[in-house]
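Number of protein chains: 2
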Amino acid sequence: MGWGDLGVFGEPSKETPNLDQMASEGMLFLDFYTANPLCSPSRAALLTGRLPVRNGFYTTNAHARNAYTPQDIVGGIPDSELLLPELLKKAGYINKIIGKWHLGHRPQFHPLKHGFDEWFGSPNCHFGPFDNRALPNIPVYRDWEMIGRYYEDFKIDLKTGEANLTQIYLQEALDFISKQQASQQPFFLYWAIDATHAPVYASKHFLGTSQRGLYGDAVREIDDSIGKILKHLQKLGISENTFVFFTSDNGAALISAPKQGGSNGRFLCGKQTTFEGGMREPAIAWWPGHIPAGGVSHQLGNVMDLFTTSLSLAGLQPPSDRQIDGIDLLPAILQGKLIDRPIFYYRGNEMMAVRVGLYKAHYWTWSNSWEEYSKGIDFCPGQNVSGVTTHTQEEHTTLPLLFHLGRDPGEKYPLSFVSDEYQRAMERISVIVQQHKVTMVPGEPQLNVCDKAVMNWSPPGCEKLGKCLTPPKSDPKKCFWPH
Amino acid sequence: MGWGDLGVFGEPSKETPNLDQMASEGMLFLDFYTANPLCSPSRAALLTGRLPVRNGFYTTNAHARNAYTPQDIVGGIPDSELLLPELLKKAGYINKIIGKWHLGHRPQFHPLKHGFDEWFGSPNCHFGPFDNRALPNIPVYRDWEMIGRYYEDFKIDLKTGEANLTQIYLQEALDFISKQQASQQPFFLYWAIDATHAPVYASKHFLGTSQRGLYGDAVREIDDSIGKILKHLQKLGISENTFVFFTSDNGAALISAPKQGGSNGRFLCGKQTTFEGGMREPAIAWWPGHIPAGGVSHQLGNVMDLFTTSLSLAGLQPPSDRQIDGIDLLPAILQGKLIDRPIFYYRGNEMMAVRVGLYKAHYWTWSNSWEEYSKGIDFCPGQNVSGVTTHTQEEHTTLPLLFHLGRDPGEKYPLSFVSDEYQRAMERISVIVQQHKVTMVPGEPQLNVCDKAVMNWSPPGCEKLGKCLTPPKSDPKKCFWPH
């Protein structure tokens, strides 16, 4: 989902009454980012509080390549990483993930081995292989074992777009919350649904209800579900004791728009890119009785901050034996403070850009290659900013392209290199970037090797269901990441 | 000002708290249009309830040219046109225009000859000749006579952007409202400020206060002023008896962005064009106690509707001896009804596009000529939709380009000509267009002839101020309209 998909952020159909109300009851973050313009590294960053280049969710196979976690990826979240649920456990929290894990699907990466107590959902995205029985369909797990597979047991009708998955995930959330409330147990629920990801789906009740087509139907269903979750918390009397944060893992995938992709408002480009459209996210904090209603924050935030902020809420400190990139947002959320911190925009192994205050400096620009672009793969459809949305990897490390995001949120007008403003801003930014670079210790890259043998052929539980498949012989290869 | 300049429409700096509150207390129109992508014809349409092609505010000098009302234009609003204040007079209203008139500056076009009782403001825009004494600076009138000129007596500092004009216009508005309230007189106030038009200005108090630079400062000052006007109505106890409507006369002028131009959100292109960015406008209706707070309407609306709606509020009927294009929006505003009606997008003498429901059909596309574009005149900066943002006038009258504005508000993805959806939609649209065309009787074009002799050399009152200038010999010529 993108920044521009919510009514409160200016979607012209204004079809998200529940999220808009969540914002009016809570706090809207206008300058909130993901740590990576792609789902899997973004989610790893959220759960570790660390940039993907530190936690291993990146590739060195080629320069500045986005890498995700498909079925044939060999890597996953390293044991050495400390995940939010692992830490929350120490404060007595029960942790559940509902939906897409995407931090590795092999046994050692299982979410219940990384701090979660419960899981209902899938290790990978629901896309591919689309019920091609020659390859395994993605399994759906309940806790340790699979209980079925997408397309086979959890239907997604690719023709009509009908699927009941968001409803199933909603019911799981409501049940979990009820159970925790009944047992007076503090809980962490990571409601990581995969709806709005292509192939886009919605349940029957929502199909055809949006002015925006199928994608809008899916947004409406998510919006409705979030409304139900918030109302459930209120009905159970625990809303004033429950911190809720809504955000997305990357910008809308414009390559799939309009039928299968959403909107990043007026921001440049979309998912896969380090322009604002790829990384600025809708974000709303909600905590009645604590967060002042109708608040708006210009705090520069990041999904990694949810790690540190959640620990803070639980009375815990982030680990001190490693670099944590997320900051505690509570002063911004509860007291309206503005904490000075930069935002780094990474693509794979490269810091492409940095935001400091209202300035954003691009050290590298790239949308995708001419070769990919000529195949119709376009991350910036209808947008073309000369020298900015480049189809060759352009290095600007000696003279970064600088934008003022207040005057120019669409990144269309680079500041003149000879202006005083450029000089002043870059002086400040250069120090921050240099400090970041010299202290950066990249983690072991996890997304380099692919092997068809590691696909979800025979997940735990498959034998009970008669759904085990025979893997091919192992043949590890360098993964090919074209973008 | 553009659609995307308001926080409530997703401007990322969210700096319009008063307009946002006006929306939350009133009704937001998401599908509201101007009648022309340029100021002067748009304002003529608002005051007559008629398309510019009917009321004469267009040119036939060249095909599909935008034409406005600079100092050397010979034409203006014809006497045969009936203006909103002329009609409201019959119901006992006192009518005042504050700000830019732009319906002709020669004596016969004076607003007090067309129904207004009072005027404080200028006949033309504050742009040009920028204190070049070889040509007259634009006069500022109080009622029948000029009281000074821009730059000379009403300062605009082009270097710092400082000007006190919006504050002066605000005070005029507050005083007028107080006076009418005291005398228990029903009133119509047309607060037609020219701020946010280039050269952009703001008063000292607002300079440097916006994240968006000077343009944002101007928006903040307008926002603040509107807040003060609404509060004034409340303080005087007449808010429940006063209908207020906020809108703009055309999309943001992207050619002047980012310093001198605003944002049309995710809509395509800007001022001068018949894409959504040129003609979809921010719009808010406010009438406490009558309009349900927080309402949102998808009613297709147009500035021309303000003519008919205002008459309806005053218990009057629109004239029956001529074609009126504006409709009465009160059923939409007060009862939430949706009235089925098309929106026509004109550029000069050509119907470029039409919107019916969520479909928009382009019969002609043109941004501007290659020749102008090569000079750096760009109405679609950073945007380029192949076959849509064309630099030659492309005729599509036999096979219009069709967009679904719900799924594709950015007009990036024309529907396939061979799709059932295209066939079904165009069947409906064709009937509406045909009916529109066969019944269209264009008015006498007023914006064809230019003559330096008619400039504001010696406006009434100039002699008292010693500010009369000598006009050159009359030399009428065809005006040149490049866009």
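Here the protein sequences line up with chains A and B, keeping their order.
Under the UniProt record's numbering, the first residue of the first sequence carries the number 1, and numbering increases by one thereafter.
Under the UniProt record's numbering, the first residue of the second sequence carries the number 1, and numbering increases by one thereafter.
Using N, Cα and C, we set each Cβ at its ideal position, and we do this for glycine too.
message: Determine whether the beta carbon atoms of B:THR59 and B:TRP481 lie at a separation below 7 Å.
response: Closer than 7 Å, so yes.
task: Could you work out which residue in A:GLY466, A:LYS477, A:ASP451 and A:LYS464 is closest to A:HIS105 when comparing CA atoms only?
output: Residue A:ASP451 is the option with its Cα nearest to A:HIS105.
- request: Below 6 Å CB to CB, which residues in the same chain sit around A:SER239 once its five sequence neighbours on both sides are set aside?
  value: Same-chain partners within the cutoff: LEU233 and PRO288.
- prompt: What's the gap between the Cα of B:GLY99 and the Cα of B:LEU38?
  reply: Cα to Cα, B:GLY99 sits roughly 17 Å from B:LEU38.
- prompt: Pairing CB atoms from the region 210-225 of chain A with CB atoms from the region 125-137 of chain A, are three or more of them under 8 Å?
  reply: The region 210-225 of chain A is not in contact with the region 125-137 of chain A.
- request: For the beta strand (DSSP E) containing B:SER297, list its first residue and its last residue.
  value: Unbroken beta strand (DSSP E) run through B:SER297: 295-297.
message: For A:VAL280 and A:TYR33, which I take to be in contact (beta-carbon distance under 8 Å), what is that distance rounded to the nearest angstrom?
response: Residue identity differs from the one stated: residue 280 of chain A is Arg in this sequence, not Val. Cβ-Cβ separation between A:ARG280 and A:TYR33: approximately 6 Å, consistent with a contact (criterion under 8 Å).
message: Can you tell me whether B:ALA92 is buried or exposed? The criterion is at least 16 other CB atoms within 10 Å of its CB, across all chains shown.
response: The sequence given here places Gly at residue 92 of chain B; Ala does not occur at that position. Flag for B:GLY92 reads exposed.
query: For B:LEU30, which residues in chain A fall below 8 Å Cβ to Cβ?
result: Within 8 Å Cβ-Cβ: PRO12, SER13 and LYS14.
task: Kindly indicate which residue of B:THR274, B:ALA332 and B:MET351 has the alpha-carbon position closest to the one of B:GLN435.
output: The shortest Cα separation from B:GLN435 among B:THR274, B:ALA332 and B:MET351 belongs to B:MET351.
- prompt: Expressed to the nearest angstrom, what Euclidean distance is found between the alpha-carbon atoms of B:SER256 and B:ALA64?
  reply: Each residue's alpha carbon lies about 22 Å from the other.
Chain-ordered chain A contacts of B:PRO409 [CB-CB under 7 Å]: For the C-beta of B:PRO409, the chain A residues within less than 7 Å are, from N- to C-terminus, PRO12.
message: Against chain A, with Cβ distances strictly below 7 Å, would B:PHE9 count as a contact?
response: True, the Cβ-Cβ gap to chain A drops below 7 Å.
- request: Could you give the DSSP three-state label for A:ILE16: helix, strand or coil?
  value: The identity of residue 16 of chain A in the sequence shown is Thr, whereas the question assumes Ile. DSSP, read as helix, strand or coil, puts A:THR16 in coil.
- prompt: Between the beta-carbon of B:ASN18 and the beta-carbon of B:GLY227, is there less than 7 Å?
  reply: Using a Cβ distance threshold of 7 Å, B:ASN18 and B:GLY227 count as a contacting pair.
- request: Note down, in chain order, every chain A residue with its Cβ under 7 Å from the Cβ of B:LYS271.
  value: Within chain A, no residue comes near B:LYS271; the closest Cβ sits about 16 Å away, beyond 7 Å.
- prompt: Which residues share a DSSP beta bridge with A:THR247?
  reply: Its beta-bridge partners are A:ALA283.
- request: Starting from B:GLU172, trace the alpha helix (DSSP H) both ways and give me its first and last residue.
  value: For B:GLU172, the enclosing alpha helix (DSSP H) begins and ends at 165-182.
task: Could you give the DSSP three-state label for A:CYS125: helix, strand or coil?
output: Three-state DSSP puts A:CYS125 in coil, outside helix and strand.
message: Taking CB distances under 7 Å as the criterion, tell me whether A:LYS412 reaches chain B.
response: Closer than 7 Å to some Cβ of chain B, the Cβ of A:LYS412 qualifies, so yes.
- prompt: Would A:VAL296 count as contacting chain B if we go by Cβ distances under 7 Å?
  reply: Contacts with chain B at 7 Å (Cβ-Cβ) include A:VAL296.
query: What does DSSP give as the partner residues of A:PHE188 in its beta bridges?
result: According to DSSP, A:PHE188 bridges with A:ASN95.
message: Within the continuous alpha helix (DSSP H) that includes B:VAL53, where are the two ends?
response: Element bounds for B:VAL53: 52-55.
task: Return the bridge partner residues of A:MET146 from the DSSP annotation.
output: As DSSP reads the structure, A:MET146 sits in a beta bridge with A:TYR141.
- prompt: Closest Cβ-Cβ distance between B:GLY278 and chain A: below 7 Å?
  reply: With 7 Å as the cut-off, B:GLY278 does not count as an interface residue toward chain A.
Contact check, A:PRO123 vs A:TRP101, beta carbons under 7 Å: Yes, the pair counts as a contact, with Cβ atoms nearer than the cut-off.
message: Using a Cβ-Cβ cutoff of less than 6 Å, which residues in the same chain neighbour B:GLU81 once the five nearest sequence positions on both sides are dropped?
response: Excluding sequence positions up to five before and after B:GLU81, its CB lies within less than 6 Å of the CB of THR48 and ASN55, all in the same chain and listed in chain order.
field: Contact with chain B by A:PRO381, beta-carbon distance below 7 Å
entry: Yes, contact with chain B.
query: So, is A:THR361 buried or exposed, given that buried needs 16 or more other C-beta atoms within 10 angstroms?
result: Reading off the sequence shown, one finds Ala at residue 361 of chain A, where the question assumed Thr. Counting Cβ neighbours within 10 Å, A:ALA361 comes out buried, since at least 16 surround it.
task: Scan the region 380-465 of chain A and note each continuous alpha helix (DSSP H) run of 4 residues or more that stays entirely inside, going in chain order.
output: Annotation note: the region 380-465 of chain A contains the following uninterrupted alpha helix (DSSP H) runs of length 4 or greater, listed N- to C-terminal: 420-438 and 462-465.
- request: Compare the C-alpha of A:ASP79 against each of A:LEU112, A:PHE417 and A:LEU338 and name the closest.
  value: Distance check between A:ASP79 and each of A:LEU112, A:PHE417 and A:LEU338 places A:LEU112 closest, using alpha-carbon atoms only.
task: Taking residue 504 of chain A as the reference, give the member of A:LEU402, A:ILE324 and A:ASN164 with the closest Cα.
output: Only positions 1 to 483 of chain A appear in this structure, which leaves residue 504 of chain A out of reach.
query: What in chain B is Cβ-close to A:VAL385, meaning under 7 Å?
result: Those within 7 Å of A:VAL385 in chain B are GLY382.
A:PHE176 to B:GLN260 span [Cα, whole Å]: Computed Cα separation, rounded: 53 Å.
B:ALA35 and B:ASN264 closer than 7 Å at C-beta: No. Outside cutoff.
- prompt: Would you say A:ARG266 reaches chain B, if we count a Cβ-Cβ gap shorter than 7 Å as a contact?
  reply: Yes, its Cβ sits closer than 7 Å to a Cβ of chain B.
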